[in-house]
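Chemist: Heads up: the sequence lines are chains S, B, P and G, in that order.
Just so it is clear: in the first sequence, position 13 is 376 by this note's numbering, and no numbers are missing.
Just so it is clear: in the second sequence, position 56 is 419 by this note's numbering, and no numbers are missing.
Just so it is clear: in the third sequence, position 61 is 424 by this note's numbering, and no numbers are missing.
Just so it is clear: in the fourth sequence, position 66 is 429 by this note's numbering, and no numbers are missing.
Ideal placement from N, C-alpha and C gives every residue a C-beta, glycine not left out.
Protein chains: 4
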Amino acid sequence: MSACVEISGVKIGGGHFQLIAGPCSVESKEQIIGIAERVKSSGASVLRGGAFKPRTSPYDFQGLRAEGIELLLEARRITGMPIVTEILSESHLPLFEHVDVIQVGARNMQNFELLTMLGRTDKPILLKRGLANTLAELLGSAEYILAGGNRNIILCERGVRTFETYTRNTLDLSAVPVLKELSDFPVVVDPSHALGISRLVGPMAMAAVAAGADGVMIEVHNDPANALCDGAQSLTPDEFDIVAERVRRIWSVLM
Amino acid sequence: MSACVEISGVKIGGGHFQLIAGPCSVESKEQIIGIAERVKSSGASVLRGGAFKPRTSPYDFQGLRAEGIELLLEARRITGMPIVTEILSESHLPLFEHVDVIQVGARNMQNFELLTMLGRTDKPILLKRGLANTLAELLGSAEYILAGGNRNIILCERGVRTFETYTRNTLDLSAVPVLKELSDFPVVVDPSHALGISRLVGPMAMAAVAAGADGVMIEVHNDPANALCDGAQSLTPDEFDIVAERVRRIWSVLM
Amino acid sequence: MSACVEISGVKIGGGHFQLIAGPCSVESKEQIIGIAERVKSSGASVLRGGAFKPRTSPYDFQGLRAEGIELLLEARRITGMPIVTEILSESHLPLFEHVDVIQVGARNMQNFELLTMLGRTDKPILLKRGLANTLAELLGSAEYILAGGNRNIILCERGVRTFETYTRNTLDLSAVPVLKELSDFPVVVDPSHALGISRLVGPMAMAAVAAGADGVMIEVHNDPANALCDGAQSLTPDEFDIVAERVRRIWSVLM
Amino acid sequence: MSACVEISGVKIGGGHFQLIAGPCSVESKEQIIGIAERVKSSGASVLRGGAFKPRTSPYDFQGLRAEGIELLLEARRITGMPIVTEILSESHLPLFEHVDVIQVGARNMQNFELLTMLGRTDKPILLKRGLANTLAELLGSAEYILAGGNRNIILCERGVRTFETYTRNTLDLSAVPVLKELSDFPVVVDPSHALGISRLVGPMAMAAVAAGADGVMIEVHNDPANALCDGAQSLTPDEFDIVAERVRRIWSVLM
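#1: Identify every run of the beta strand (DSSP E) within the region 496-561 of chain B, keeping only runs that are complete inside it and at least 3 residues long; order them along the chain.
#2: Span of the alpha helix (DSSP H) holding P:LYS486?
#3: Are P:VAL552 and P:GLU582 close, meaning C-beta to C-beta below 8 angstroms?
#4: Taking 8 angstroms as the threshold (beta carbon to beta carbon), is G:THR525 in contact with chain B?
#5: Are there 16 or more other CB atoms within 10 angstroms of the CB of P:VAL556, so buried, or fewer, so exposed?
#6: Verify whether the separation of the beta carbon atoms of B:GLY412 and B:LEU435 is less than 8 angstroms.
#7: With a threshold of 8 angstroms between beta-carbons, can S:ILE613 be considered close to chain B, or not?
#8: As a quick exercise: from P:ALA576, P:VAL368, P:GLY575 and P:SER388, pick the residue whose alpha carbon is nearest that of P:VAL464.
#9: Give the interface partners of B:ALA510 over in chain P, defined as CB-CB distance under 7 angstroms, in chain order.
#10: Under 8 angstroms, do S:ARG524 and G:ALA495 count as touching if we go by C-beta distance?
#11: S:ASN589 versus chain G: which residues are under 7 angstroms apart at the beta carbon?
#12: What is the rounded straight-line gap between the Cα of P:ARG609 and the Cα of S:PRO417?
#13: According to DSSP, is P:MET569 part of a helix, a strand, or is it coil?
#14: If I measure Cβ to Cβ from B:HIS461 and keep anything under 6 angstroms in the same chain, skipping five residues before and after, which residues do I get?
#15: So which of B:PHE526, B:GLU602, B:GLU544 and B:ILE432 has the shortest CA-CA distance to B:PRO445?
#16: Closer than 7 angstroms by C-beta to B:ASP485: which residues in its own chain qualify, once you throw out the five before and the five after it? Chain order, please.
#17: Alpha carbon to alpha carbon, how far is P:VAL606 from G:VAL616?
#18: Checking the sheet assignment: what are the DSSP bridge partners for S:LYS491?
#19: Are the C-beta atoms of G:PRO417 and some chain S residue less than 8 angstroms apart?
#20: Can you tell me whether DSSP reads P:MET480 as helix, strand or coil?
#21: Below 8 angstroms, how does it come out for the region 572-588 of chain G and the region 381-388 of chain G: are there three or more Cβ pairs, yes or no?
#22: Given a limit of 7 angstroms on CB to CB distance, which residues of the region 451-472 of chain P reach chain B?
#23: Would a C-beta distance cut-off of 8 angstroms place G:GLY575 and G:VAL541 closer than the cut-off?
#24: Could you list the residues in the region 482-514 of chain B with a C-beta less than 8 angstroms from some C-beta on chain S, going in chain order?
#25: Please tell me whether G:PRO566 has its Cβ less than 8 angstroms away from any Cβ of chain P.
#26: Is the separation between the beta-carbon of P:ALA573 and that of G:VAL572 shorter than 8 angstroms?
#27: For the alpha helix (DSSP H) that S:GLN394 lies in, which residues bound it at each end?
#28: Taking just the CA atoms, how far does S:PHE424 sit from S:MET569?
#29: Mind checking B:ASP601: buried by the 16 CB within 10 Å criterion, or exposed?
#30: Locate the beta strand (DSSP E) running through B:ARG411, then write down its first and last residues.
#31: Which runs of the beta strand (DSSP E) at least 3 residues long sit entirely within the region 402-461 of chain P? Give them in chain order.
#32: Grouping DSSP H, G and I as helix and E and B as strand, with all else coil, what is G:SER615?
#33: Residues of chain P with CB closer than 9 angstroms to the CB of G:VAL616, please, in chain order.
#34: Roughly how many angstroms separate the alpha carbons of P:ILE441 and P:SER371, rounded to a whole number?
#35: How many Å lie between G:PRO457 and G:ALA429 at the Cα?
#36: Assuming P:ALA366 and P:GLY376 make a contact with CB atoms under 8 angstroms, what is their CB distance in whole Å?
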């Protein structure tokens, strides 16, 4: 059994399973608070939302950045849900002072200077596997955080690149039992980014739980068709409600 | 829901889930009958066993070939379990006359002459995805079988090649919901070949069921350490018994 | 330096470089003879042309099959160029009796029954690397041919599958020096299939020669826009003439 | 033909070909100056050397960091060669004030905050393709630099990840003509990191030039067996001398 990491009172790992949900990007106060309330009522315990967005092109929506973090904190005040959001540079660290979990995205998994700085904090870090990184390399990156004294590490599988084109990436669920064999960090799976297609998220979330994941992170948007980012992979709150229920059913028989 | 394929009285797909189990290779009469009895008592309904083995080197064990098929038929007579075994060439087709399910392995997924000949039979065909084939290509290969009039096709995900080296291949479980979205063939998952490590087979078999698979195919060997082929990925009968029970628990909550 | 294989009087390997050219598919008598004459005048010494075509879908053009081989033999009678064409099944072997070089395509690289039968002939075999096969596996397949006593093996790199989508496959030119380090077979490169884009064929053919290839195999079509197969990757005879000249210039400075 | 970028008086692209050479890591004053003098005498015009090293494990040698840059500047004073060295974080930018070319390594290709800061300088940037990034994504990253007004961009192919294990990565030389088709930046190839085996560097450097590269970057070490990093892929100065001569011969016939 993995160790338990505590996220502002919410335990993940060590026998505690959590649903993390929220929009790809924070877009407005109404949007983030509205989604937070809906996913909370469906059973999510941690709110995700992107403020700093790493985009392939500089001309794509880059997120609300500092303002997005403010809106997430506002959503936390209202709903009580701890928040997880991605950091892109160690120079932004002061902006993350009140964030509950700092996410390191796939593109920064080997940004070793950033990892080293995060190792000097005591915040939970959600470390995503890079798009073409081995599990040994993911653990090497975790070691950079550990080396600074921070043991609050949550690993995240989010799909790797292959030749398959129907799905955006290929979700490697064997990462779950392998990472548990090689380390004792909690392991979370993000099926939304891996697949890129909302109707596949449910079955793969259930599979992730059956494979032993300690949490699942799912994108939920109030209006996927008009999302500023990654709408095709986002569930509506009603769809999320169904997936959350199915995920809990799988979890219940693993106990 | 997928269509149902009938394997000598055993239904797979269309709401029917089956466990397929047996050794990588048929090695002797005692071995195949002993394993067949054990996996049957654990709940497996179809017996697998390799007679013709496609091996990277001509100097590796190539299987008992025609004799292996005879031993499988003997195991069927004794246990009543239908058998599935791999064909390597259309010239061997007469030897498969009494085989219940003919398997086309990953290396032959695009052996179109073989597929065309199998389309002219009425036998169930277990068609494995190639090591680097897209799901669209897998369905193209199924189409070769269909074109001859044979609709008894069962698709099988068995892992694809990536850069990851800890596991032998990367099991792409999203293949299950994608194939069900694009076709109505039953879909089986083979975690043993995908992972190459027996202790990962259980969690991934459970994940396969949660993802919606209609069957799971698992390698079981009475003495993995001395198996003539792929011992590292084989469960013992006792281990299989535990995995079978867990797989059924996942299946039970999906109904 | 690699060993030399003799193709009906044309030497390849052991210091002999050859250009192999022709259409993806044989389409008609006029087409194959016309192209053969043009590529011969540009310096090609072996004529390629597909008679049996392995296609992803059974509803795509499957080649002229036995008639295609007849047309290739006719082109040989008229131009004197030896011919290379692909075999899809050992049951077709009698049709290849007068073919100079039998090609085993990427999809059949691990069709071990076919390789075994080809090992019992004394014909030159052009063995292509599979789409996701390691170089060690390519040599394992060559070993199946060798095991039967046939040493006339020519290896061919034709691109592997990766995540890149701009080119059809990724041409792995390091295969050339690696295969020469691990074996003494001549090595040919097929940039046409690897890239799928005719205007990239020239630079990559030149690179293949610089990497040490003993031959380059290039698709040439009299009317690429109306080719029955793979027109986008085919050079016109005029374009081939320029590429052939550039390839020879690279070869000349390696001596 | 690509645009020309000027590196402190040395032109690359636009018909100008350059050899970049030096050790993986700067280890000492004697080492870097000794190697610089040797590679200069063999025809290299730009000196490479790692000061900040991105390593999978925090317990591996991390480079001499600021001191390494000082030693590179010292080598430049003595030999007159401009230097290229990798940056790991925008917070280190002041240390790179006198560096001629700033390298962005594969792991930071999508560190968009770093790219944005480099776009605000006027220094030449050597931007390496990520380990599993498409060419379109590489150009997206270049766009982040361009967006700030810096047009001095040199692209670098250094191998991508595939299933092949004999070489460290798979060098995708088709990147050269594709990048030239899609942009007008000079393109450099780094065969040393791609292959990981010194004896393959020569053939692939020659192939890179034949494919149209504007430069080749090669690792050279005075004592590869005792290098602190990546010795297996480093040429000795004598070996580099031979490779440099062969590369020039290929270049000479392309004019």
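Modeler: So, from the data block:
#1: Counting only runs of 3 or more residues that sit fully inside the region 496-561 of chain B, the beta strand (DSSP E) segments are 516-520 and 550-552, in chain order.
#2: The continuous stretches of alpha helix (DSSP H) do not include P:LYS486, and DSSP gives it neither H nor E.
#3: no
#4: yes
#5: Looking at the sequence provided, one finds His at residue 556 of chain P rather than Val. Its Cβ being crowded by 16 or more others within 10 Å, P:HIS556 is buried.
#6: yes
#7: yes
#8: Taking only the C-alpha atoms, the option nearest P:VAL464 is P:VAL368.
#9: PRO421
#10: yes
#11: Those do not exist, as S:ASN589 stays about 24 angstroms from chain G at its closest Cβ, beyond 7 angstroms.
#12: 43 angstroms
#13: helix
#14: LEU436
#15: B:ILE432
#16: Closer than 7 angstroms at the Cβ level, and outside the excluded window around B:ASP485, lie ASN513 and ASN515.
#17: 14 angstroms
#18: Its beta-bridge partners are S:CYS519.
#19: Flagged as an interface residue toward chain S: G:PRO417, by a C-beta distance shorter than 8 angstroms.
#20: helix
#21: yes
#22: LEU451, SER452, GLU453, SER454, ARG470 and ASN471
#23: no
#24: Cβ contacts with chain S: ALA495, THR497, LEU498 and ALA499.
#25: yes
#26: yes
#27: 392-404
#28: 31 angstroms
#29: Of the other Cβ atoms in all chains shown, fewer than 16 fall within 10 Å of the Cβ of B:ASP601; this residue is therefore exposed.
#30: 409-411
#31: The region 402-461 of chain P contains these whole beta strand (DSSP E) runs: 409-411 and 446-450.
#32: Helix, per DSSP.
#33: ARG609, ARG612, ILE613, SER615 and VAL616
#34: 15 angstroms
#35: Each residue's Cα considered, the two are about 10 angstroms apart.
#36: 6 angstroms
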